[in-house]
Structures are given as structure tokens and as C-alpha cells.
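Structure first, commentary second.
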Amino acid sequence: MVLAFKNETFRDDFTFSNSPAAIRRFPFPFVEDKYMYSVNIEPHELGPKGSVYEFPIDIDEHYVSEMRDRALVLDADPGRCQALPHMITAQWDMLELLMTSMARDYPEHFSLTRDGNQWHWINRPLGIDHKFTFGDVATLPYQPMEYIGRQCQGDFSIQDQRDGQLWMDAGIITTQADWSLDFDVGMNFFEWHAPVPLAHQAGVFDRALKFLLNMQHGRPVRRLNWTMTINSRLDTSPENYHKWGIDRTTVTPENVGDKVHLRVELQALWRLPRSNAILFSIRCYMIKMRELATVPKWGRRLPRVLRTLPDEIADYKGLTRYRQTTIDWLSKYDDGAPTSLGGGPD
Amino acid sequence: MTTNQIRVRVAEVETVAAQIRRLKLVPIGMSGLPDFSGGAHTILSIPDGERTLRNPYSLMSSPYDTSSYEVSVLKAAESRGGSAFIHDKIREGLPITISAPVNLFPVDRRARRHILIAGGIGITPFMSIMRQLEHDDVPFELHYGMRSQERGAYWRQLRETYGHRVHIYFEDQGQTIPLKTLLDGQPLGTHVYVCGPSTMIDWVLNGARDAGWPAENVHYERFSAPPPGTSFTVELARSGKTVPVGPHQSMLEALEAAGIDAPYLCRGGACGQCETRIVSCAGAIQHNDHYLSDAEKAAGDKIMICVSRVDGSTVTLDL
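Residue numbers (numbering that gives the first Met the number 0), protein chains in the order written: chain E, 0 to 345; chain P, 0 to 318.
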């Protein structure tokens with residue numbers, strides 16, 4: 000598939016928008032008219048053509064602009080990319096997984112030629128043509144995780160597995176929904192999930208950890224997570240809260256359609272073969288309320304979900320200030336008709 | 000199937016010591032086998048008439064050469080079929096299936112130094128682990144105890160490959176691993192690993208605890224074969240099916256023989272994948288796994304169907 004890459008921004012003038020095709024393929028996360036935490040993990044199997052699940056690694060029209068934004072974030076704050084020394088094998092595992100997936104599934108844009116450890120990588124959209132030795136860091140301009148992370152949409156963290164736990168010991172995180180790699184690096188699965196409300200009591204994390212510890216190579220899994228973001232800002236990090244936190248006070252009935260975005264993370268988990276670590280990809284998709292309402296089912300469902308959302312979850316996700324304003328704006332799209340099960344458009 | 004299956008052919012069968020055979024497995028219809036990390040195991044599924052025998056074996060070949068895998072099989076004194084088949088019936092050329100590798104015995108990559116303690120056939124995971132440590136240029140030493148020269152496998156080649164880092168001990172010559180000295184005075188950042196008979200694992204775990212080692216620095220791999228027992232019946236609460244379990248069969252094997260696809264990974268009571276809820280039980284539960292805590296075992300509402308069984312008439316499972 001040949002993609003037409005948009006030239007747009009995720010800061011300052013916020014020129015980001017979705018094409019009609021990008022709206023149709025948006026991974027709307029609500030399968031019914033209400034939402035509650037669950038262990039909503041499913042096999043990361045190939046999905047329908049054109050969907051975000053068509054390939055293991057999804058590249059879309061925002062690729063080039065997102066990579067430009069990532070470079071700006073890393074220049075301003077190198078702490079967004081960190082790897083503890085024992086994660087070097089896992090970094091190479093990640094590079095291999097992403098390069099082989101991207102080259103196989105988007106041959107018009109990426110190519111990878113391997114002769115033993117001598118690799119030749121071409122990234123046409125970003126104008127990169129590079130020969131390097133797999134396993135030899137000195138032949139790359141960055142460490143392997145940062146090198147490929149600067150060329151692939153989505154945040155990535157790598158979890159080391161030991162002592163019956165997962166440890167977040169590496170990551171490249173620049174498009175996060177208000178969590179900090181610099182704060183979490185070195186933490187275990189329960190520690191970095193500690194702030195999440197309600198789910199601990201439900202035993203969600205105990206079950207999820209046991210499942211992840213037994214994950215097998217070649218059998219990746221995925222789930223969707225979601226929040227909302229004001230303006231199309233990818234970098235909603237705690238480090239930059241002073242820049243974007245105040246945006247939540249700027250929502251008015253007049254600007255909801257353009258300012259308020261549903262932010263969905265397609266989270267996938269892969270067992271890495273040589274390191275036995277687990278790669279976690281967090282691929283972020285944003286959609287404006289005005290774009291979302293062009294799909295009648297979503298326009299009906301989202302106000303219903305927001306209305307019935309438990310207050311703890313709304314607070315945790317940072318929606319409290321603008322939740323009612325958004326519900327009011329969306330309600331004109333909810334004619335009360337029943338909605339079909341599942342997240343996709345009717 | 001709960002695990003990815005790979006078709007391979009038995010390319011070589013070699014007797015490497017008394018009662019120990021090495022198998023070399025090459026892929027069928029693929030150019031290479033999946034990458035893996037040192038300490039990983041695979042489960043061999045071997046067709047034997049009407050039955051399929053499924054046993055876990057550590058991968059002992061190099062993680063850096065996945066054109067083939069190698070495993071070693073000790074003929075069990077009371078074989079339940081798998082090891083006897085491999086010793087008595089298996090021939091070069093036989094096609095079998097194996098599971099994608101799973102690693103329940105990985106090294107701690109933060110360690111500055113690794114001490115590996117092997118007993119008998121417990122050497123096998125360390126064969127791939129040592130390749131990895133050598134590749135990563137991390138200091139290690141191996142202490143390998145065997146019954147005798149005849150019954151010990153690979154000790155000559157290990158000594159040749161790794162030189163002074165390999166220490167071997169023959170029981171019939173009165174040699175024993177100097178555990179106390181070994182555990183004493185190691186530098187910070189040292190990790191110790193043990194694989195061998197259950198008594199040896201306990202010996203090392205207790206020794207490390209008494210010497211004040213932090214539990215996170217002590218690693219072991221303990222696979223159990225499902226112990227035999229008396230016959231009983233499994234009732235499946237969800238499907239309403241009833242499955243008889245023979246004295247030399249595990250519940251998992253009985254369910255598989257009845258065409259039921261139950262979850263598993265290690266088949267040795269270590270990983271927790273086959274944990275199943277007990278609805279009711281007429282008889283005493285015999286927990287043989289290393290996964291459930293003592294409190295969970297005492298509660299009696301969960302069972303690992305790969306190795307545990309019931310001394311009684313019937314157990315009803317939430318399956």
C-alpha cells in the first residue's frame with residue numbers, strides 16, 4: 000500500500016486532522032454503550048485489509064509528521080528514551096521485529112536486506128539508507144531501540160522478565176497519556192500500575208501479569224486503552240504538564256468539536272526471542288469530536304459511555320473538567336436509537 | 000493447541016552416555032527454527048501408536064545457530080513412555096512436532112557473574128546458557144556433578160570448550176561439589192543457578208539461604224514428571240463430559256486423549272498455565288506442582304492438571 004503522508008503539527012498551531020479514510024479505520028474502543036476495566040486482551044492477529052490490525056505494526060498517513068514531533072521531544076528531553084545496560088539484547092530483538100515487519104508489510108516505503116549480520120535498511124519516507132552490523136552498536140548512530148524508535152509510530156517499552164515479575168527496564172516514550180518513563184523505569188508491573196483506580200481490587204493486574212509471564216514468542220496479544228486529550232497534542236507527558244494541563248480549562252461549547260479528541264492506544268505485547276523480554280507497543284490514534292461524529296454509531300455511543308463512566312475513572316483519565324461540556328455537544332448526535340455490539344462503524 | 004507447533008525431523012540420534020541420548024532436530028518446510036534464549040525448553044510430541052507422548056526437554060544447542068535444535072533425553076527408571084520410546088524406538092528421519100521454545104529458566108542479565116550448578120541430566124539447560132554467556136562475554140563457572148564417567152554426558156567437550164571455568168565431580172570417585180566454599184565470599188552481583196535432582200536443588204537452595212544469599216540471586220529449574228497414582232474420574236462441569244484417568248496418566252494427558260484442548264506450557268508443574276479451578280472433589284488432592292503456594296494448596300480449590308492428581312473417586316473441574 001502506498002501511503003500519502005500528511006504534513007501537520009501536534010503542537011503550537013495543531014494542524015493535525017484525519018482524512019475520511021483515517022476516520023473510517025479509527026480503532027473506536029467502546030464495544031457497548033458503557034465502559035469498565037477488564038482484561039480485554041486478545042491475540043494480535045492480522046485483521047481486515049485497511050484496518051489498523053491489517054499488519055502487526057501499523058503505519059499511517061501521520062507517520063512522517065509524528066516522527067518529526069518525536070525528534071523534537073527527544074531533542075528537548077533525552078530522558079524520554081532510556082535503557083538499562085542489561086537490556087541491550089532486547090533492544091536488538093525490538094529492532095529486528097520492527098524492521099522485518101515494516102519492510103515486509105510496507106515494501107514501497109521500507110526495505111531490509113540481510114546477509115548474516117550485515118543489514119541494509121532503507122526508510123524512504125524519512126530518507127534513510129543505512130548499512131550496519133546487527134549486534135554491533137558502534138555501527139548505528141543511536142542505540143538500537145532509539146534508532147528504530149525514531150522511525151516507527153508508537154511508544155515502546157521493554158520489560159525484562161525475572162523473579163516472576165516484569166520490570167520496565169527500557170523505553171522510548173514521547174507520545175504518552177500522562178505517565179513518565181523517567182519515573183517508571185526500573186519499576187515492576189504492580190509498581191507502575193499502582194495509580195490505576197478500581198482495577199487492583201478487581202484482581203485485573205494479578206491475572207494480567209500471570210498471563211504475560213507465560214506469553215510465547217510468535218503469539219503477540221493486544222488490547223485497546225483510551226483517554227481524551229485537548230488539542231491534538233501527542234506529548235501529554237507529566238514533564239510538560241505545565242504546557243498542556245491548562246488546556247483542559249479552555250473547552251467551551253463552541254470549540255468542543257475541534258479541541259476535544261478521543262485518544263486511543265492500540266497496545267500490543269510481544270515476547271522477544273533472544274532476550275526473553277516483552278516488548279510493549281503503545282500506538283496512539285487521535286480523533287476530533289467533529290470527525291468522530293461523522294460515524295453515526297460513534298456519535299450515539301460516546302456520549303452514553305461518558306455519561307455512565309465511574310467518577311474515579313473520569314478523574315484518573317483527567318476528563319472531569321470538560322466531561323459534561325463534551326457530553327452536551329455530542330448529545331445532538333444521539334437520537335436514542337440502539338447501537339450494535341462491537342466498536343466498528345455499522 | 001495452546002502452544003505454537005513446529006514440524007521437525009529427527010536428524011541424528013546419538014547415545015552420549017549410559018542411558019542418555021542426544022537428538023538433533025531440523026525443521027521441515029522452514030529454513031530455520033525460532034530464535035530462543037539460553038535455558039529455554041521445548042515440548043516434544045511423539046506419535047506412539049494411538050497415543051501422543053508429550054515431554055518437555057531443555058534446548059542444549061547454541062542460541063546462535065537455529066538451523067537445528069538439540070535435546071538430550073535420560074531414560075527414566077520408571078518411564079511413562081516418552082523417554083523409553085526415545086531410547087528404544089526412535090529412529091533418524093522420524094517426523095515429530097515440537098512446541099515453540101519457552102524459557103522458564105532464563106539468566107538474570109543484570110548479573111556480573113554466574114555460578115551454574117548441574118547434576119546429571121540437569122546439565123542440558125546450562126549447555127545453551129553457557130553459549131549465551133560466552134557470547135555476551137559475562138564471567139561464569141560451571142560445577143557439574145555426575146554419578147560416574149560412564150553416566151555423565153558432555154563433560155569432556157565442556158572441559159575442552161570452556162577450560163578452567165568447568166569443574167566436574169564424579170560421585171563414584173568420592174568427589175562432591177564444595178557448595179559451602181562456593182557460596183561463601185562471592186562478589187556482589189553474583190547469581191547462582193541449579194538444575195538437577197530435586198534433592199540437589201533443595202541442597203543448593205538451603206545452602207544459599209543459610210549463607211545469606213538474597214532469594215532474587217538464586218535460580219532453579221525443577222520440572223516434575225507427573226507421578227503415578229490410582230485411577231480416578233474427572234468430570235468437566237462446563238461440558239458435562241466424564242474422562243477416566245489411568246494410574247500412569249496425568250489429568251492433562253487423559254483430557255488430551257479424550258480430545259479436549261486444555262491449556263499447558265511446561266507440563267512439569269512450574270509455569271502455572273494449566274491452573275484449573277476445582278468445583279468439587281471426592282478424595283484427597285495430591286498437589287505435585289511447584290507453582291501454587293502452600294496456602295493455595297491447602298485451600299484445595301485449584302489444581303495444576305499437568306502433574307497433580309486425586310487419590311479418590313472423582314474430581315469435578317471448571318472446564
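Cβ coordinates follow ideal geometry from the N, Cα and C atoms, glycine included.
Given a threshold of 16 other Cβ atoms within 10 Å of its Cβ, counted over all protein chains shown, does E:Leu-197 qualify as buried or as exposed? For the purposes of this step, residue 197 of chain E is identified with residue 198 of the first sequence, where counting begins at 1. Answer is exposed; the Cβ neighbour count stays below 16.
Only counting runs of 3 or more residues, tell me where the beta strand (DSSP E) segments fall wholly within the stretch 71 to 140 of chain P, in order along the chain.
Counting whole runs of 3 or more residues, the stretch 71 to 140 of chain P contains the beta strand (DSSP E) stretches 94 to 98, 112 to 118.
Quick check on E:Gln-215 - is its C-beta less than 8 Å from some C-beta in chain P? On the first sequence, position 216 is the one that residue 215 of chain E refers to. Interface annotation, E:Gln-215: in contact with chain P, CB-CB separation under 8 Å.
One or two residues paired with E:Asp-114 in a DSSP bridge:
Residue 114 of chain E sits at position 115 when you count from the first residue of the first sequence. E:Asp-114 pairs with E:Gln-117.
Subject >> C-alpha gap between P:Gly-184 and E:Asp-162, whole angstroms >> reply: Looking up residue 184 of chain P in the second sequence gives position 185. Looking up residue 162 of chain E in the first sequence gives position 163. Approximately 23 Å, taken between the alpha carbons.
Item to complete: Kindly provide the ranges of any alpha helix (DSSP H) runs that are 4 or more residues long and lie completely inside the stretch 84 to 147 of chain E, ordered along the chain.
Response: Counting whole runs of 4 or more residues, the stretch 84 to 147 of chain E contains the alpha helix (DSSP H) stretches 87 to 104.
- Task: Specify, as a first and last residue, the run of the beta strand (DSSP E) that P:Lys-23 falls within.
- Result: Within the second sequence, residue 23 of chain P is the residue found at index 24, counting from 1. In the DSSP assignment, P:Lys-23 falls within the unbroken beta strand (DSSP E) covering 19 to 26.
Counting along the chain, where does the alpha helix (DSSP H) carrying E:Gln-323 start and finish? Along the first sequence, one-based indexing puts residue 323 of chain E at 324. For E:Gln-323, the enclosing alpha helix (DSSP H) stretches over residues 322 to 329.
Our contact map puts P:Leu-235 next to P:Ile-304 with C-beta atoms below 8 Å; I'd like the distance itself, whole angstroms only. Residue mapping note: residue 235 of chain P aligns to position 236 of the second sequence, counting from 1. Residue mapping note: residue 304 of chain P aligns to position 305 of the second sequence, counting from 1. Contact doesn't hold; Cβ gap of about 11 Å is too wide.
With DSSP as the reference, label E:Leu-427 as helix, strand or coil. With chain E covering only 0 through 345, there is no way to say anything about residue 427 of chain E.
>> Judging by CA-CA distance, which residue of E:Leu-2, E:Leu-211, E:Arg-24 is the nearest neighbour of E:Val-63?
In response: Counted from its first residue, the first sequence places residue 63 of chain E at position 64. Comparing Cα positions, the closest option is E:Leu-2.
Worksheet item: Are the CB atoms of E:Pro-143 and E:His-216 nearer to each other than 8 Å?
Response: Mapped onto the first sequence, residue 143 of chain E falls at position 144. Mapped onto the first sequence, residue 216 of chain E falls at position 217. In this structure, E:His-216 does not lie closer than 8 Å to E:Pro-143 by Cβ.
Check your understanding: What separation, rounded to the nearest whole angstrom, lies between the Cα atoms of E:Arg-222 and P:Lys-240?
Key -> On the first sequence, residue 222 of chain E is found 223 positions in, with the first residue counted as 1. On the second sequence, residue 240 of chain P is found 241 positions in, with the first residue counted as 1. Distance between the alpha carbons of E:Arg-222 and P:Lys-240 is about 33 Å.
Distance, Cα to Cα, E:Glu-264 vs E:Met-285?
-> Position 265 of the first sequence, counted from the start, is the residue given in the question as residue 264 of chain E. Position 286 of the first sequence, counted from the start, is the residue given in the question as residue 285 of chain E. Taking the straight line from one Cα to the other gives about 9 Å.
Is it the case that the Cβ atoms of P:Gly-282 and P:Asp-300 are separated by a distance below 8 Å?
Residue numbering aside, residue 282 of chain P sits at position 283 when the second sequence is read from its first letter. Residue numbering aside, residue 300 of chain P sits at position 301 when the second sequence is read from its first letter. It is not a contact, given that the beta carbons lie outside the stated cut-off.
Exercise for the section: Please compile the residues from chain E whose C-beta is within a distance smaller than 8 Å of the C-beta of P:Thr-123. Expected result: Along the second sequence, one-based indexing puts residue 123 of chain P at 124. Within 8 Å of the CB of P:Thr-123, no CB atom of chain E is found; the nearest one sits about 17 Å away.
Quiz item: In whole angstroms, what is the alpha-carbon distance linking E:Asn-224 and E:Pro-28?
Solution: For this step, residue 224 of chain E is matched to residue 225 along the first sequence. For this step, residue 28 of chain E is matched to residue 29 along the first sequence. Each residue's Cα considered, the two are about 7 Å apart.
What are the complete beta strand (DSSP E) segments, minimum 3 residues, inside the stretch 236 to 304 of chain P? Within the stretch 236 to 304 of chain P, the complete beta strand (DSSP E) runs of at least 3 residues are 241 to 244, 274 to 285, 301 to 303.
**Request:** Pick out the complete beta strand (DSSP E) segments inside the stretch 245 to 321 of chain E, 3 residues or longer, and give them in chain order.
**Result:** List check, beta strand (DSSP E) in window: 259 to 270, 277 to 287.
Q) Quick one: does P:Ala-99 have its CB under 8 Å from some CB of chain E? A) To locate residue 99 of chain P, count along the second sequence from 1; it is residue 100. It does; some Cβ of chain E falls within 8 Å.
### Query
Excluding five sequence neighbours on each side, which residues of the same chain lie with their C-beta closer than 7 Å to the C-beta of E:Trp-191?
Residue 191 of chain E sits at position 192 when you count from the first residue of the first sequence. Within the same chain, E:Trp-191 has close Cβ partners Met-167, Asp-183.
- Task: Note down, one range per segment and in chain order, each alpha helix (DSSP H) of at least 4 residues found wholly within the stretch 168 to 203 of chain E.
- Result: The stretch 168 to 203 of chain E contains these whole alpha helix (DSSP H) runs: 180 to 183, 188 to 191.
message: Do E:Gln-152 and E:Arg-282 have their beta-carbon atoms positioned less than 8 Å apart in this structure?
response: The residue given as residue 282 of chain E occupies position 283 in the first sequence. The residue given as residue 152 of chain E occupies position 153 in the first sequence. Cβ distance < 8 Å, so E:Arg-282 and E:Gln-152 count as in contact.
Q.
Please tell me whether E:Phe-54 and E:Ser-231 are closer than 8 Å, where the distance is taken between their beta carbons.
A. Counting from one through the first sequence, the residue named residue 54 of chain E turns up at place 55. Counting from one through the first sequence, the residue named residue 231 of chain E turns up at place 232. Against a cut-off of 8 Å, the Cβ pair of E:Ser-231 and E:Phe-54 comes out as no contact.
Of all the residues that make up the stretch 60 to 71 of chain P, which are near chain E by a beta-carbon distance shorter than 7 Å? Answer in chain order: Pro-62.
So that I know if they touch, is there some Cβ in chain P lying closer than 8 Å to that of E:Asn-275?
On the first sequence, position 276 is the one that residue 275 of chain E refers to. True, the Cβ-Cβ gap to chain P drops below 8 Å.
Quiz item: Using a beta-carbon distance below 8 Å, is P:Pro-26 in contact with chain E?
Solution: As a first step, residue 26 of chain P is located in the second sequence; it is residue number 27 there, counting from the start. Not an interface residue.
- Distance, E:Leu-180 Cα to P:Thr-313 Cα: Looking up residue 313 of chain P in the second sequence gives position 314. Looking up residue 180 of chain E in the first sequence gives position 181. One C-alpha to the other measures close to 51 Å.
So what does DSSP say about P:Met-145, is it helix, strand or coil? In the second sequence, the residue the question calls residue 145 of chain P occupies position 146. If DSSP states are grouped into helix, strand and coil, P:Met-145 belongs with the strands.
*asked:* Please classify P:Phe-84 as buried or exposed, where buried requires at least 16 other C-beta atoms within 10 Å of its C-beta.
replied: Along the second sequence, read from residue 1 onward, the residue named residue 84 of chain P stands at position 85. Around the beta carbon of P:Phe-84, 16 or more other beta carbons sit within 10 angstroms, so the residue counts as buried.
- Could you tell me whether any Cβ in chain E is nearer than 8 Å to the Cβ of P:Gly-271? Position 272 of the second sequence, counting from 1, holds the residue named residue 271 of chain P. At least one chain E Cβ lies under 8 Å of P:Gly-271.
Exercise for the section: Let me know the secondary structure DSSP gives E:Thr-338 once reduced to three states. Expected result: As a first step, residue 338 of chain E must be located in the first sequence, where it is residue number 339. Coil, per DSSP.
At least one CB of chain E closer than 8 Å to the CB of P:Phe-139: is that the case?
One-based indexing of the second sequence puts residue 139 of chain P at position 140. Not closer than 8 Å to any Cβ of chain E, the Cβ of P:Phe-139 fails to qualify, so no.
key: Collapsed DSSP secondary structure at E:Leu-45 in the structure displayed   = For the purposes of this step, residue 45 of chain E is identified with residue 46 of the first sequence, where counting begins at 1. Reduced to three states, the DSSP call for E:Leu-45 is coil.
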